[in-house]
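Trainee:
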Amino acid sequence: MNVSRIALAGGLAASTVLLLAGTASAHVSVQPVGEAAKGGYATVNVKVPNERDDAATTKVEVSFPTDHPLASVMPQAVPGWNVEVTRSKLAKPLEMHGQKINEAVSKVTWTAEGAKDERGIRPGSFQQFPLSLGQLPENADQLVLKAVQTYDDKEVVRWIEEQKPGAEEPESPAPVLALTAPAEDGHGSVGAPKAGDAKADGKETAAASDASASDTTARVLGIVGIVVGVAGVAFGVLAGRRRTT
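Counting from 9, one number per residue, gives the positions in the sequence shown under this note's numbering.
1) Would a C-beta distance cut-off of 7 angstroms place glutamate 121 and glycine 142 closer than the cut-off?
2) Among Lys55, Ala155, Leu151, which residue has its Cα nearest to the Cα of valine 6?
3) Any heavy atom of the ligand FAD closer than 6 angstroms to the CB of proline 101?
4) Taking the Cβ atom as the reference point for each residue, do alanine 34 and glycine 128 lie within a distance shorter than 7 angstroms?
5) Indicate the three-state DSSP secondary structure (helix, strand or coil) for arginine 95 in the structure shown.
6) In three-state DSSP terms, what is alanine 189?
7) What are the residues that DSSP puts in a beta bridge with proline 254?
8) If we count the other Cβ atoms within 10 Å of its Cβ and call it buried at 16 or more, is glutamate 69 buried or exposed?
9) Assign alanine 21 to one of three DSSP states: helix, strand, or coil.
10) Hey, would you say alanine 80 sits closer than 7 angstroms to threonine 94, going by beta carbons?
11) Answer with buried or exposed for glutamine 157, where buried requires no fewer than 16 other C-beta atoms within 10 angstroms of its C-beta.
12) Got a sec? Which residues, its chain only, sit under 6 angstroms from proline 40 by beta carbon, not counting five neighbours each side?
13) With the cut-off set at 7 angstroms, would you say aspartate 137 and valine 54 are in Cβ contact?
14) Does asparagine 147 come out as helix, strand or coil in the three-state DSSP assignment?
15) Does the Cβ of proline 173 have 16 or more other Cβ atoms within 10 Å, making it buried, or fewer, making it exposed?
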């Protein structure tokens, strides 16, 4: 096997790894800004990628679990999108801050606005939809938020399949928000949202930037590792051939 064949094989392997990584992550997900502590409040981003080459995503619906209802779900305004919050009556009222809550948010719907050729999530792009959630349940390790993604060609993708223990990831997995241990103050790491709290917003933005930077660094290091590995294999083969000669 000559060096050119080794380099070609290494390149194909690297391309395969990156392609599989991209495919696995190309689904609707929910990512906390900081931590989502049990019993507290959290800010999260619903991340929606466009998986189509010839259509735009124009509608996103996220449904919240009925077994662990959330009394407070507040969306942040996203330019170019209209948002609608749907509330439903609870079979069993919640108690929050000494008050009984008879209704909870069951769904949030974002609909794209503007000209047909410019609206929505375009091919090769993604959009984040920020939400403030609370009070998070104390007796659960995660929240499953089922999502429905609609394209402008009328195609509908339902991200509603729940992950089974020990099984492979389903084809259309539902977004899952992992909950961490309760904070010492009992209000979660992010805390209850306060109107006009610029300092809190700044911390959340910084946390999101740090998370994005970490993700980019990890990807770059992974690619560098693959390249170095391929070069090492090629060098070993050349050294072996010289010893044989």
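Using N, Cα and C, we set each Cβ at its ideal position, and we do this for glycine too.
Mentor: Inspection of the coordinates gives the following:
1) In this structure, glycine 142 does not lie closer than 7 angstroms to glutamate 121 by Cβ.
2) Outside the displayed span of the chain (9 to 253) sits residue 6, for which this structure offers no information.
3) Among the ligands in the structure shown, none appear at all, so the ligand FAD cannot be discussed.
4) Going by C-beta atoms, alanine 34 is not nearer than 7 angstroms to glycine 128.
5) DSSP places arginine 95 within a strand segment (E or B) once states are collapsed to three.
6) In this structure, DSSP gives alanine 189 a state outside helix and strand, which the three-state scheme calls coil.
7) Summary: the structure shown does not reach residue 254, with the chain confined to residues 9 through 253, and so no result is reported for it.
8) Classified as buried, glutamate 69 has 16 or more neighbouring CB atoms from the shown chains inside 10 Å of its CB.
9) With a pLDDT of 46 at alanine 21, under the threshold of 50, the modelled position of this residue cannot be trusted, and the question is left open.
10) As written in the sequence, residue 80 is serine, which differs from the alanine given in the question. For serine 80 and threonine 94, no; Cβs fall outside 7 angstroms.
11) Classification of glutamine 157: buried, given that the 10 Å Cβ count is 16 or more.
12) Excluding residues within five positions, the ones whose Cβ falls inside 6 angstroms are Ala50, Val52.
13) Going by the sequence as given, residue 137 is phenylalanine instead of aspartate. Valine 54 is positioned such that its CB atom lies closer than 7 angstroms to that of phenylalanine 137.
14) In the structure shown, asparagine 147 falls within a coil segment according to DSSP collapsed to helix, strand and coil.
15) Looking at its Cβ environment, which holds fewer than 16 other Cβ atoms inside 10 Å, proline 173 is exposed.
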